[in-house]
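Each number in this note's numbering comes from the position in the sequence shown (counting from 1) with 79 added on. Every residue gets a Cβ at the ideal spot worked out from N, C-alpha and C, and that includes glycine.
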Amino acid sequence: MSKNLKNTQNWLNAKKKYRLSNEVIEMAKQLGLNPKKFGGLANHKQERWKQPLPDFIRALYEKRFGTFRSGKIE
């Protein structure tokens with residue numbers, strides 16, 4: 080399996096497992112996040128102080144880049 084295909088598969092698995100939207104996945108990719116590490120970032124309902132993963136990614140993105148502009152990124 081090629082490296083690019085494997086990376087795409089990792090993102091698809093993370094999207095399904097953590098119920099993330101395409102918009103959140105795109106933000107995470109731009110931030111350079113690793114989809115394999117989402118388990119440590121995700122709120123497992125036992126850690127009430129953590130934000131839900133989509134909210135956490137949006138907050139990181141807004142802090143770094145400002146507001147999210149939907150559309151194709153080149």
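Rounded to the nearest angstrom, what separates residue 131 and residue 121 at their Cα positions? Approximately 6 Å between the Cα atoms of the pair.
Got a sec? Which residues, its chain only, sit under 8 Å from residue 144 by beta carbon, not counting five neighbours each side? 109, listed in sequence order.
Report all residues from its chain with a CB closer than 6 Å to the CB of residue 129; omit the five preceding and five following residues, and keep chain order. Result list for residue 129: 122, in chain order.
Helix or strand or just coil, what does DSSP make of residue 86? In this structure, residue 86 counts as helix in the three-state DSSP scheme.
Cβ-based burial, residue 91 [other Cβ within 10 Å; buried from 16]: Exposed is the call here.
Cutting at 8 Å between CB atoms, please list the residues of its own chain near residue 138, excluding the five before and the five after it. Taking C-beta separations shorter than 8 Å and ignoring five residues to either side along the sequence, the partners of residue 138 in its chain run 130, following chain order.
Tell me the rounded alpha-carbon separation between residue 105 and residue 118. Roughly 18 Å separates the two Cα atoms.
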